[in-house]
Every structure is written in C-alpha cells, then in structure tokens.
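Undergrad: For the sequence shown, the positions run 25 to 199 when my numbering is used. Yeah, the Cβ is synthetic: ideal placement off N, Cα and C, and Gly gets one too.
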Amino acid sequence: MLEKLEKGEEPKPTLPGKSGVTEYPILNFDERALNLLHEGVSNTLRYTQVKPAGGKVYRFFKRTFDIVASACALTVLAVPIGVVALLIYVDDKGNPFFSQVRLTQDGKPFKMYKLRSMCIDAEARFAEVQKENQSDGLAFKNDDDPRVTRIGKFIRKTSIDELPQFWNVLKGDMS
C-alpha cells in the first residue's frame, strides 16, 4: 500500500460496500506526535478518510454555510479572542496562539490554531511530566499538568481555547 501511495496511485476503499471510506497509512507525523509514540507503533497507525454522502449541491451549501457562520463568529468573537490573547500574553509572555499540524478531510496537512493554554516551554518540559500520564493510550493526559497556565485552566474548561479554529473553518481546512 505504501508503494502505491508513493507512486501517487489512489488507494481503494478499505471497507467493501462502504463507499467513501478510505484508509491511509500515516506517513509523516508532526514532531510532537512522534514523542507520544512507542517505538514501532507509528507504522501501524492509520488515517481513515470518510467522504460524506451528497453531491456538488450539498457540498456547495455546506461550504457556503461554513463561510458565513465562521465569518460571523469571528466578527462577533474578535474582541473576546483579543482580550483573552492579551491576558495570555500578560500571564506568560510569548505568542498567545498555538498551532499544530493536522490533516484535512482530504488528508492534506494544515495548521490548526488554538489559544495557548500552556507555558511557552511546554514541549521542552514534557519529559518531566510524562511519568504523570493518566491515559492508557498514546495521548498524554494529566489533570494537574503543571505546564498549564492560570488562564489556560479557564480557557480549557470553557473551550475558549478552541475559538481560533473558526479561522480554519473560514479557510476551508475544517468544517
């Protein structure tokens, strides 16, 4: 399968009878994601693509709705996002926004934006908190993670940190 992808051949749907569901191996991982993997596991991970039912008309109206809704949301939320960004900057100097590489529904990489809820050197300090992992899976979870800032606790609890993702919706990376 990897050879076909590298040659540019389109993978076949992996679930017979389920049109629009295609499974791809994950070829390139974001550096942060690699830190969470046990050696040898990365080759077994898959990215599953599910194409929604519906034709061109459905996709047109869905995209139109995404553009209008995200533009309205960003207009209304611009000042609150700016205030929270300023609070993050005052609390823990540095860029108040965090970006991470994710995949679009077509499997293309894009930068997803969030308000930063952790200290500037959170990735450098990962090793010191890794032993406190409360998750059974590959993801890291720690309810009392010392890297989370004071503002970060609030914006995570209220999901305010997710608001910049309306920009990704407006750009067409997310829906």
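#1: Which one or two residues does DSSP pair with P282 in a beta bridge?
#2: According to DSSP, is R149 part of a helix, a strand, or is it coil?
#3: So, under 8 angstroms CB-CB, Y137 and W191 are touching, yes? Tell me the CB distance rounded to an integer number of Å.
#4: If you pair each beta-carbon of the stretch 95 to 102 with each one of the stretch 114 to 127, do three or more pairs fall below 8 angstroms?
#5: Between which residues of its own chain and I105 is the CB-CB distance below 6 angstroms, once the five residues before and five after are set aside?
#6: Let me know if T182 comes out buried or exposed under the rule of 16 or more other beta-carbons within 10 Å of its beta-carbon.
#7: Quick one: residues in its chain with C-beta nearer than 7 angstroms to the C-beta of D116, no 5 flanking neighbours on either side, listed in chain order?
#8: Given E63, which residues of its chain have a CB within under 6 angstroms of its CB, disregarding the five upstream and five downstream residues?
#9: What residue range does the alpha helix (DSSP H) around K132 cover?
#10: How close, in whole Å, do the beta carbons of R140 and N119 come, if the pair is a contact with beta carbons under 8 angstroms?
#11: Kindly indicate which three-state DSSP category L111 falls into: helix, strand or coil?
#12: What does the alpha-carbon distance come out to for the pair V107 and Y82?
#13: Could you please give the first and the last residue of the uninterrupted alpha helix (DSSP H) stretch that includes V193?
#14: Using a 10 Å radius around the Cβ and a threshold of 16 neighbouring Cβ atoms, would you call G196 buried or exposed?
#15: Expressed to the nearest angstrom, what Euclidean distance is found between the alpha-carbon atoms of V153 and K80?
TA: Looking at the atomic coordinates:
#1: It is not possible to answer for residue 282, since the shown part of the chain is limited to 25 through 199.
#2: Sequence index remark: in the sequence shown, residue 149 carries index 125 (1-based). It is coil, neither helix nor strand.
#3: For the purposes of this step, residue 137 is identified with residue 113 of the sequence shown, where counting begins at 1. For the purposes of this step, residue 191 is identified with residue 167 of the sequence shown, where counting begins at 1. For a cut-off of 8 angstroms, the C-beta gap from Y137 to W191 is around 6 angstroms, short enough to register as a contact.
#4: no
#5: Start at 1 with the first residue of the sequence shown, and residue 105 comes out as number 81. Closer than 6 angstroms at Cβ, skipping near neighbours: L187.
#6: As a working mapping, residue 182 is identified with position 158 in the sequence shown. Per the 10 Å Cβ criterion, exposed.
#7: As a first step, residue 116 is located in the sequence shown; it is residue number 92 there, counting from the start. Result list for D116: C143, I144, T173, in chain order.
#8: Position 39 of the sequence shown, counted from the start, is the residue given in the question as residue 63. With a pLDDT of 42 at E63, under the threshold of 50, the predicted position of this residue should be treated as unreliable, and no value is reported.
#9: On the sequence shown, position 108 is the one that residue 132 refers to. Here K132 belongs to no alpha helix (DSSP H), and DSSP marks it neither H nor E.
#10: Indexing the sequence shown from 1 puts residue 140 at position 116. Indexing the sequence shown from 1 puts residue 119 at position 95. Taking a contact as a CB-CB distance under 8 angstroms, the pair R140 and N119 counts as one, their CB atoms being some 7 angstroms apart.
#11: As a first step, residue 111 must be located in the sequence shown, where it is residue number 87. If DSSP states are grouped into helix, strand and coil, L111 belongs with the helices.
#12: Position 83 of the sequence shown, counted from the first residue, corresponds to residue 107. Position 58 of the sequence shown, counted from the first residue, corresponds to residue 82. About 37 angstroms.
#13: Residue 193 sits at position 169 when you count from the first residue of the sequence shown. Element bounds for V193: 189 to 195.
#14: Here residue 196 corresponds to residue number 172 of the sequence shown, with the count starting at 1. When all chains shown are included, G196 counts as exposed.
#15: Position 129 of the sequence shown holds residue 153. Position 56 of the sequence shown holds residue 80. About 48 angstroms.
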